[in-house]
Every structure is written in C-alpha cells, then in structure tokens.
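With the working numbering applied, the sequence shown has no gaps in its numbers, which climb one by one up to 1866 at the end.
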Amino acid sequence: SLYVSEYFSQSAQKLSFYSWYGNAKLFHFHVPEDTVLLRWLLQASRGKGPECTSMEITVHFRHGAPPVINPLGTRFPANATVRPSYNISISLGRAVQNTTFVNVTTPAAGDWFIAAHLPQAAGRIEVKGFSTPCPYMFQADMFVLRLTDMPVLEPGVPMPHTVVSPAKPLHVKVFVPKHAAGMRFQLSSCVTSEQRACAVRVLLGSITLPQSFQRSLTCTGSINCSLALDSPPWEKWLQIMVESLGTANASVSVEMLASFTVCRPGSASSFLNFISLNQSQAGGRPGAAGSSAPAAGEAPRNASGPRSSCLQSQPVVREDLDVVSVRYRLLNGPSVPVSSLSPTLLLLNLNTGMDSGGSLVLNLLLNKTSVSLANATVAACVSAASPVLSLNATQNCSTAFSQGYPLSVSTSSAEAMLIVLYPQTDDWFLSLQLLCPKGQGECSSAEAKVTVFAYLTPCFNDCGPYGQCSLLRRHGYLYAGCSCKAGWGGWSCTDDTKAQSVGTQNLATLLLTLSNLMFLPAIAVAVYRFYLVEASVYTYTMFFSTFYHACDQPGVAVMCIMDYDTLQYCDFLGSVVSIWVTMLCMARLKKILKYVLFVLGTLLIAMSLQLDRRGVWNMMGPCLFALVIMVTAWVHHGAKRRHCYPSSWKRWVFYLLPGITLAFIAISVYAFMETNENYYYTHSIWHVLVACSVAFLLPPRDKHKKPWAWSQKLTCRYQICQNDREELYAVT
C-alpha cells in the first residue's frame, strides 16, 4: 500500500480569558478521504514578562461542527441537546512553551474544529494602556497519513485479502448506497499462514469526536464471524480496518463480504411535486386548471401506494434566508401524515459546510382531532447521516454510528421542541411513526397529522432580551454566539442564576445618569466667573454622558436618543476636552492664546479618538501636555511677580489641594477599581469626583471683571455710562 503524508497549518492566535463563546479561538481543518492516521500538533506559549504567570489552556475537539462548550457551568436553554465536548488541558508552568500531540486513528473525513481558551475571566475592566496583559499564544497544526490505493469492497462480492502482520493492519472501504436499511459484514475463510484458526479484530466506521460509535468485531478461534448494522450512513464511504491479533511473524488470510438491505421508499412523484410547487408560487395562473396536479390539501401519493414501502418520504424545500439562516418548507403543506406501518421521513439538508455555526430548531405539533386512538403516540427521531427506520417503545433513536435525538407527541402532550446547537455538517433526517400501546395491529389503519416547523437560526430566540447575537468569523467560516448582559448567562442568555433584578437595573441607570448632574455646580461656578466657553464644554459633557449611559445599559432600563456609537464618541470627546479646557484655564494664558489652544486641542483630540477610542493616551496625552503648559505659565507668572504662584495660601488649601486630591482619587477608581459587577457605582463615583474637582480647580475670575449684577444688566431705565477710555486729545 502507498501512504501519503500531508501537513496543514494555521496561524497562531492570541488566547483570551473566557466569558462567552467569542473568547474561544477557533481552528477549522478539513481531513481528506482515506485518512488512516490524524495527528494534531498543539503548540502553546506565553510571554516572558513578570506579568505572565502559570496558566492552563483548555482545548476542545469536534468533528463536523464547532465544539459546544460550557466552561462557566451555566444552564442551556430548555429543549436543547447538549453532549460534552472532548477536551484536553495544556499547562504552561515554568516553561514558556508546551508542545502536545493528539493522535486519532481512522478519523472521519470532513470538517474538524478545535477551540482553545484560557480560564474564566476575572471581570476586571482594564483601561487600555495602563497595564500590559501577558500574551498567551496557541497554534494547531495537522498531520494526516492517507492511503492512496485503499481497496474497495464491492457489495455482494467476496474479497480475499491478507493481513501481513499485526503492525500492518488491512484497510478497505465500502460505499453505502442511499436507502440502505441495514448492512451485514461477514468474515470467512479466516486462517493463519500456519493453517490455524485466526485471531483478528475488525473495526468498522471512523472515529468522530466528542463521541465515537466505531463498531468492533473480534474473531478468535472461529473460522466465520459476522456483524449486522442498522441504518448505516447513506451515500458515504465506510472504512473497515482488519488487524491481526496473532504473533508477529504469522500472516492472516481472510475473505470479506458486505451485503446491504435496501429500503424501497414511497413518496410523491417528483413531477407532481414540481407542479404543486409551481402552482403554490403562481397562485392559480391561467391554464393551471387543466393540469394533472392534485387538488389543494391533498398530498400526492406514489403509484405503488403508501403502505407497500418501508418509509414514506415527504419532499422538503430548503430556503436560504441569510448567513446561517435557513427555513425548511414542506411542499405538501406543514402537516405530515404519520402512520404505524412505515415511518415518515423528512430530509433536512445541512451539508453546505456553512450551516454548522447556528442552531437547528424543530417544532412538532400534533393535530389531536386527527388521532382516533387516545393512547396513541407519535414517536420522532432526529439523526444525522442516516435515518432511523424502526421506531418502537424500546428503540433508543440510534443508528449504526451515531446517536439521534428522540421526540414524541401525544394527545396529552401535543407539542415537542428540539434545539440542536451547532449541528454537524451532514444530511439530517426526521423520522416519524405512530405507535400504539397494545401493538402495531391496534392502529394499523390509523393516521395522525403532525405539523412540522424546522429552521436554522444563528442564535436561538436571538439571545433573548438580555443578550446580543454576534456573528463570528474564522477565515472564511462564519458562526454565531451570544454575548449576555445584566448578569444573565448561558448559551442563549437564559440562565438567570446571577441575573440583575429590574430594580437593580433601574438603580444602575439612575446612578450612572443622575451622577452627571454633579457637573451643575461646576457649570454654575464657570458661569459666575465668566468662563463661558468652559461652561459650555461642561454642559456638553454632562448632556452626552447622561444619555450615553442611559443607552449603554445592559438590561431593560435603556433609552437611546440617537445612535449608540455617536453617543459614545460624544461622551468620550466631551470628557477629554473638559480636562483640556480646565487645565488651560488654570494656566491663566492670554485670551487669544487660550482660545487658539482650545480649538486646536479639541481638533487633535477628536482625531485621536477616531483612531483609537479607548486608548489611554487619548486622555493622558492632553492631560500631560496641558500640565506642561500650566506649569510653564505658573513659573512665568511667579518669576514675573517674584513670589510663588498662586500666591494665596487659601487658594492652595481650600481649592487646589482638594481639587487635585479628588482628581487623583477619580483616576484611581477609574483605572484600578472598576469591574463588571461594580461598574454602575464605581463609574458613578468617577462622575461625581471629576465634576467636583473641576469646580474646585477653576481659577477665580479676572480682577477687572465685575460680578454679574442682574439688576444692572436687565433694566429699562436710562443709565449714566462711565467712559473708561483715556482722553488722548480734545476736540474744539
């Protein structure tokens, strides 16, 4: 046999602490056909700085779709099917790099996914630039060993072969036809080179993670042995590996035979379905009355009759709506006839390669008036790759190499729902059959009507009122995840274990919005001291900060007067410009120079915020530059007056020192104390402290300006005006 090795690699990704599925870094690989060995090379590394500590990285594997993970231990939505993913842990201790190998023999061909993440996030809000996070990198490479000339086992044709040694197992494959109800594999004429009874082990199927249903057959001391499989995967190559259990020098000769039991489906004629579809879309066009299509409400039947086949196939149309959004429509109407003689089968096509990043939702609704027997039950099974063709009370909804998802509806419980999270890329089947408690003979002539609704959605229920559905991308592959708010958690934001009450949400909104009213004293002080430009900037900041935080709330207490991004930008701009104008006002510059710096600094701050809105230098840069200007101006004033500036000790004790202290406390709270849990009151404290510090730091008004005298400003009588200009010449 000729083996070919292939190597696939993807670029390394920086890992994140886990708080929702978007923090997990996804790797997408495609395993070719006839692969007999798959080896993952997992490389994890961390930085060398003092901020880097020991860390444990969790890596999840899954075939066919991204892995469904739950590192936080939250609840999944009701009716959702959850099967734990296969995962390993990689530790980064003293060593800055760790290399791990994961081997998979006879892996299933198709898409494979790897998801890696760090432990749960601490919840601390870090200001970008204040601290340097440790970089944790992860890279996954894939090696495959593929057999180029794998022998093909033809159905019904015996194939003799020889297993040379236990170290060199025999690999063959057989193609499973469509509508195969069962498969029987036989091993005969099995003898060793020493003419003794053979000892071999046969493995049928491929390994899939997280669960593998590979079937095993061991033949020891017996010349002939066989294995029967129900519902093998349709239209797929099935790998068979035969390995010797004998001595190293003895070869084994075997003869293999594969036979299939094919089910003859009974369904409506394709031509009649096509005409029915055209009629439903045309809405009774002229000339349609003379067609041979069945009347409205009648399901077209096959000429062979619905009772003469082992299954009744209902035609389903796949309608693509958007990215990871599909609706399935039954041509014969939403109601499906279900009998007890043979199962009714619906095909749900999810094999495009771009459907596994959403959630498959199925709703079954039983028409109670259609069931004549009160104790009858409609059993349903949803499975991938092949349908379940025999539904009974003891059937566990399993096929040859997979486990399906059972459902049932009855007159006592007429509705059933199933949510498949990240369904694997394949053809999915829905099997329905009517069951009676006293046996199938009791309801042989009965028929039930079941309404089926099936669709694929990016996020179930759009993540609810406390979540946001985000479309994620890894190269060309798209998948969706829910980002929860207000303490809610879970896959679809349905876990209310740590959820905030409505009262807490209202309190958070009131604190974050009403705390901005503390700018009113600063505005009053600025107006009283004739700093009208500064007062207008504080008013702008108070207004947009109030309505930005009213729009930024995660719960139900939300009010947005304009676009969220616009409110956020205006809030950030007003905050930085307020600090800029306050420090320039404290510098006591000449008016023309002060206003030039006001405008120029505001333009530069606006540009900087557009480049990186959350960068720490957007605030620190203007602060430091304004501080240099203020200190330079104060030194100039002090040298000119030959004493310290400001000269009054009362100004230092009662205004400057309290204002500076409040400003430093505000910066400490903002940079080091804010977390996701305490954000609503720590950020409110930040609002109060900053507004109060501005009121303390504003300098007194110029001496030549008189205070506001409203009785003199707002008057209608004549006034005697004083001319302050100096008479330079007299006119005679």
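Glycine residues also receive a C-beta, built at the ideal position from the N, C-alpha and C atoms.
In this text, all values refer to a predicted model and were calculated from it rather than measured experimentally.
Take residue 1309, set aside five residues on each side of it, and the residues of its chain with a beta-carbon closer than 6 angstroms to its own are 1371, in chain order. Taking residue 1166 as the centre and dropping the five residues before and after it, the same chain places the C-beta of 1140, 1243, 1278, 1280 closer than 8 angstroms to its C-beta, in chain order.
Pairing residue 1634 with residue 1689 gives a Cβ-Cβ distance under 8 angstroms.
By the neighbour-count criterion, in which a residue is buried when 16 or more other Cβ atoms sit within 10 angstroms of its Cβ, residue 1609 is exposed. Within the same chain, and ignoring the five residues on either side of residue 1571 in sequence, the residues whose Cβ sits closer than 7 angstroms to its Cβ are 1509. In this structure, DSSP gives residue 1749 an extended state, which the three-state scheme calls strand.
Per DSSP, residue 1779 lies in no beta strand (DSSP E) and is assigned neither H nor E. By the beta-carbon neighbour count (other beta carbons within 10 angstroms, threshold 16), residue 1339 is buried.
If you ignore the 5 residues before and after residue 1353, its C-beta comes within less than 8 angstroms of the C-beta of 1321, 1324, 1332, 1333, 1334, 1335, 1336, 1359, all in its own chain and listed in chain order. Under DSSP, residue 1809 takes part in a beta bridge, and its partners are 1258. For the set 1311, 1806, 1169, the Cα lying nearest the Cα of residue 1276 is the one of 1169. When the five nearest sequence neighbours on each side are left out, the beta carbons in the same chain lying within less than 7 angstroms of the beta carbon of residue 1630 are those of 1622, in order along the chain.
Around the beta carbon of residue 1834, a 10 Å sphere encloses fewer than 16 other beta carbons of the protein chains shown; the residue is thus reported as exposed. Per DSSP, reduced to three states, the secondary structure at residue 1733 is helical.
Counting C-beta pairs with one atom in each stretch, the segment 1176-1195 and the segment 1297-1313 have fewer than three that are closer than 8 angstroms, which means they do not touch. For residue 1235, the enclosing beta strand (DSSP E) has its first and last residue at 1231-1239.
If you draw a 10 Å sphere on the C-beta of residue 1367, you find 16 or more other C-beta atoms in it, and that means buried. Taking a C-beta distance under 8 angstroms as the contact criterion, residue 1268 and residue 1190 do not qualify as a contact pair. Residue state for residue 1696 is assigned as coil, using DSSP reduced to three classes.
For residue 1203, there is no enclosing beta strand (DSSP E), as DSSP gives it neither H nor E. Along the length of the segment 1618-1679, whole beta strand (DSSP E) runs at least 3 residues long do not occur. Distance from the CA of residue 1666 to the CA of residue 1672, rounded to the nearest whole angstrom, comes to 10 angstroms. Three or more beta-carbon pairs drawn from the segment 1490-1502 and the segment 1547-1557 are found closer than 8 angstroms, and the two stretches are therefore classed as touching. Taking every protein chain shown into account, the CB of residue 1680 has 16 or more other CB atoms within 10 angstroms, so this residue is buried. In this chain, the alpha helix (DSSP H) harbouring residue 1793 covers 1791-1802.
Secondary structure note for residue 1307: its beta strand (DSSP E) is the uninterrupted segment 1304-1310. Collapsing the DSSP output to three states places residue 1725 in a helix.
By the Cβ-count criterion, residue 1284 is buried, with 16 or more other Cβ atoms from all chains shown falling within 10 Å of its own Cβ. For the pair residue 1235 and residue 1292, the Cα-to-Cα distance works out to about 39 angstroms.
Pairing residue 1717 with residue 1826 gives a Cβ-Cβ distance that is not under 8 angstroms. Taking a C-beta distance under 8 angstroms as the contact criterion, residue 1831 and residue 1800 do not qualify as a contact pair. Of all C-beta pairs linking the segment 1139-1159 to the segment 1224-1240, fewer than three are shorter than 8 angstroms, placing the two stretches out of contact.
The three-state reading of DSSP puts residue 1702 in helix, counting H, G and I together. Counting along the chain, the unbroken beta strand (DSSP E) around residue 1137 starts and ends at 1137-1143. For residue 1553, the enclosing beta strand (DSSP E) begins and ends at 1549-1555. A contact is defined here as three or more CB-CB pairs under 8 angstroms, and the segment 1730-1743 fails this definition with respect to the segment 1770-1788.
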